[in-house]
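Visitor: Here you go, one structure.
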Amino acid sequence: MTGGTSIELTQSEAAAPSAAPEWWRSAVIYQVYPRSFADADGDRVGDLRGIAARLPVLSELGVDAVWLSPFYTSPQRDAGYDVADYRNVDPLFGTLDDFDVLLAEAHRLGLRLIIDLVPNHTSSDHPWFRAALAAGEGSEARDTYIFRDGKGDNGDQPPNNWNSVFGGSAWTRVNRPDGSPGQWYLHLFDTSQPDLNWRNAWVRQQFLDILRFWLDRGVDGFRIDVAHGLIKAPGLPDYSPPREESTMEQAASTNERRLNQRRRAAPPYWDQDAVHEIYRQWHALLSRYDGERALCGEAWVASLKRLARYVRPNEMQQTFNFSYLQTPWSAPALRAVIHESLEEFSAVGAPSTWVLSNHDVVRHATRLALNWNNPHGDGIGPDTPNKPDPVLGLRRARAATTLMLALPGSSYLYQGEELGLPEDMELPNSAREDPTWFRTDGARYGRDGCRVPIPWQADAPAYGFNTTGASWLPQPVDWARFARDRQQGDPHSTLSLYRRLLAERASRALGNGSLEWLDGFGDDVIAMRNGSVTVIANMSGKALELPAGQILIASDAVAGTQLPPDTAVWLS
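Using the numbering used here, count along the sequence shown one by one with no gaps and you end on 777.
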């Protein structure tokens, strides 16, 4: 076996001396999207009782914690990310008692439970926003959101040129009590999701109280939605985003792209320095609770150095590494982002948190076979030309997961990826519910394709999602082959691969390990060592001669000592 150069920055070094590393430094956390996981009452939509009944399956899979996407009271215009009451459960999902049962069952099984928190915006149905509208211009209640006078002689132009993430203007005008046009309010997402004013002390206090409510119930932490967006730049200046790079451009010019990202100023509504004061306050609150409670930020920040600021010792414990998720299937690009991630996160004493799929992106069993640009939120649908090859996509997805779960740090899995689920690319347009689809008049498919209810039993109604056969998004007719019961016991299934990877990862403490790069395999191969495991991922397009060693796990069949393209192995 060839020699290697060890990087100095390791996951275990980030832990406090002479103390066992905190659970979140190495945990594998499984995301449950409640609408699409398990439906106990048969009403088409998943619920808390359905999740609680299926938790033993997640324990058997080998994960350490569960992240629960929003289940709060909501009009469901954006699948629960439009919250109308942060201290209650939407009847669609159950009751607070159902939540308490779910939490107790998770803890009984040795699973920690993280819940989603959505602090950037509320629903327009939230009592706070209704009070702001009723109170009128210049009132204290209106200052809890971001209202501004419009431009132009009659104020009939938006206050600035910002666009919504979902498409269209980020501003909507409201009427005064007398019916005349009044101020505009900011919504970086849907019109039904007005942005809160986080420079308002009352807003900050409300969320401290919300955190206490759930911490007192026993949750183990929070995933913070749009964590980089709470503070907007003073004056709300105009902003024109740069051109999107294609996937091929990203792969061909990784280093140059990263330099450009560092030089590029953040949009005035993302990643403002003042946001960190909020998380320092939240960190102080969580530290007063026992059990190592944790915060994980959803921060879409281009620069890893900027991203690492969210996990400094007195802020969050984790933040999603979207630079890693967005990296194309290219060994030089992946090697660069892995090295930079470990360097930047370890420099602030934090673990890197690896992720390949979630409820907002094209599933990686499809995305990794793309050879064209698919910006975040575009999705893939029936009219998309040149759809990716599903066989190639699954092969690369299995290899990518084999690589990811060998990396030091914490990893997140998205429900159904352990089954090899692809993006639903043929979802009927008439069934779509994502606001992106409607706000762009069908120009962007949005995120419904990764949110379809997952299959449990090949021959059951709705593939075992419920007993009635109804589901809020229609399931593909060919998903029986992905069903959990059909993969159970098949040593070659994706489910079996995940189980083996998670078991070996845990037994060899790879999450608390350190990474050493191995030389001599060529530019299109990733070769590294973590503790007692050597990992090789072949992205070269041709078979690779493996070094001496016993194959512990292979993402796909390996004949003799020849590692096929788009395949990864763990060797001892």
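Just so you know, even glycine gets a beta-carbon here, dropped at the ideal spot from N, CA and C.
In this text, all values refer to a predicted model and were calculated from it rather than measured experimentally.
What residue does the beta strand (DSSP E) around Met733 start on, and which one ends it?
Guide: Note, Met733: beta strand (DSSP E), Val730 to Asn735.
Visitor: Taking the beta strand (DSSP E) that Asp290 belongs to, which residues open and close that run?
Guide: Start and end: Asp290 to Val294.
Visitor: Going along the chain, which unbroken runs of the beta strand (DSSP E) with 3 or more residues stay wholly within the stretch 256-322?
Guide: Runs of the beta strand (DSSP E) inside the stretch 256-322: 270-273, 290-294 and 317-322.
Visitor: What does a CB cutoff of less than 6 Å around Leu301 pick up in its chain, not counting 5 residues either side in sequence?
Guide: Counting only Cβ-Cβ distances below 6 Å, and skipping sequence neighbours, we find Val294.
Visitor: Could you tell me the distance, in whole angstroms, from the CA atom of Asp629 to the CA atom of Gln680?
Guide: Spanning the two alpha carbons is a distance of roughly 8 Å.
Visitor: With Val288 and Ser328 assumed to form a contact (beta carbons below 8 Å), what rounded beta-carbon distance in angstroms separates them?
Guide: With a Cβ gap of about 6 Å, Val288 and Ser328 count as contacting.
Visitor: Could you spell out the range, first to last residue, of the alpha helix (DSSP H) harbouring Trp419?
Guide: First-last of the alpha helix (DSSP H) with Trp419: Ala406 to Arg422.
Visitor: Counting only runs of 3+ residues fully inside the stretch 338-400, write out the beta strand (DSSP E) ranges in chain order.
Guide: Here the runs fully enclosed are 376-380 and 386-391.
Visitor: Below 8 Å between beta carbons: does that hold for Ala536 and Asp728?
Guide: Taking 8 Å as the Cβ cut-off, Ala536 and Asp728 qualify as a contacting pair.
Visitor: Could you check whether the Cβ of Pro472 sits closer than 7 Å to any heavy atom belonging to the ligand FAD?
Guide: What this structure holds is no ligand at all, so the ligand FAD is not there to describe.
Visitor: From which residue to which residue does the beta strand (DSSP E) around Val682 run?
Guide: Element bounds for Val682: n/a, residue is neither H nor E.
Visitor: Kindly identify the DSSP beta-bridge partner or partners of His569.
Guide: Note: His569 sits in no beta bridge, so no partner.
Visitor: Please identify the residue among Asn743, Thr607 and Tyr286 whose C-alpha is closest to the C-alpha of Ser397.
Guide: Considering only alpha carbons, the answer is Tyr286.
Visitor: In chain order, what residues of the same chain have a beta carbon less than 8 Å from the beta carbon of Ala714, not counting five sequence neighbours either side?
Guide: Here the set comprises Ser231 and Gly736.
Visitor: Should Gln410 go down as buried or exposed, given a rule of 16 or more other Cβ atoms within 10 Å for buried?
Guide: Exposed, because fewer than 16 other Cβ atoms sit within 10 Å of the Cβ of Gln410.
Visitor: Rounded to whole angstroms, what's the CA-CA distance from Trp389 to Gly343? Just pull it up for me.
Guide: C-alpha separation (whole angstroms): 13 Å.
Visitor: Cα separation between Pro640 and Asp395?
Guide: C-alpha separation (whole angstroms): 7 Å.
Visitor: Would you list the one or two residues that DSSP bridges to Arg428?
Guide: Per DSSP, Asp321 and Cys501.
Visitor: To the nearest angstrom, how far is the alpha carbon of Leu338 from that of Ser615?
Guide: Looking at the two C-alpha atoms, the distance is approximately 43 Å.
Visitor: What is the DSSP secondary structure of Thr459, counted as helix, strand or coil?
Guide: Note that Thr459 scores a pLDDT of 49, beneath 50, so its modelled location is shaky and nothing firm can be said.
Visitor: Using the Cα positions of Leu768 and Asn743, report the straight-line distance between them to the nearest angstrom.
Guide: Answer to the nearest angstrom: the Cα atoms are 7 Å apart.
Visitor: Taking 8 Å as the threshold (C-beta atoms), are Tyr617 and Gln236 in contact?
Guide: Yes, these two residues count as a Cβ contact at 8 Å.
Visitor: Helix, strand or coil, according to DSSP, for Gln767 in the structure here?
Guide: Three-state DSSP puts Gln767 in a strand.
Visitor: Can you give the beta carbon distance from Gly754 to Pro770, rounded, assuming they're within the 8 Å contact cut?
Guide: So it is not a contact: roughly 20 Å between Cβ atoms.
Visitor: Give the straight-line distance between the Cα atoms of Asp583 and Leu610, rounded to the nearest whole angstrom.
Guide: Answer to the nearest angstrom: the Cα atoms are 28 Å apart.
Visitor: Under 8 Å, do Ile659 and Gly694 count as touching if we go by C-beta distance?
Guide: For Ile659 and Gly694, no; Cβs fall outside 8 Å.
Visitor: Distance check for Ile415 and Pro382, CA to CA, integer angstroms please.
Guide: One C-alpha to the other measures close to 32 Å.
Visitor: Which value, in whole angstroms, describes the spacing of the CA atoms of Leu707 and Gly267?
Guide: Computed Cα separation, rounded: 6 Å.
Visitor: Between the C-alpha atoms of Arg860 and Ile429, what's the straight-line distance to the nearest angstrom?
Guide: Nothing about residue 860 can be read from this structure; the chain reaches only from 206 to 777.
Visitor: Which residues in the same chain have their Cβ closer than 8 Å to the Cβ of Val730, if we skip the five residues on either side of it in sequence?
Guide: Ala536, Ile741, Ala742, Asn743, Met744, Ser745 and Leu749, listed in sequence order.
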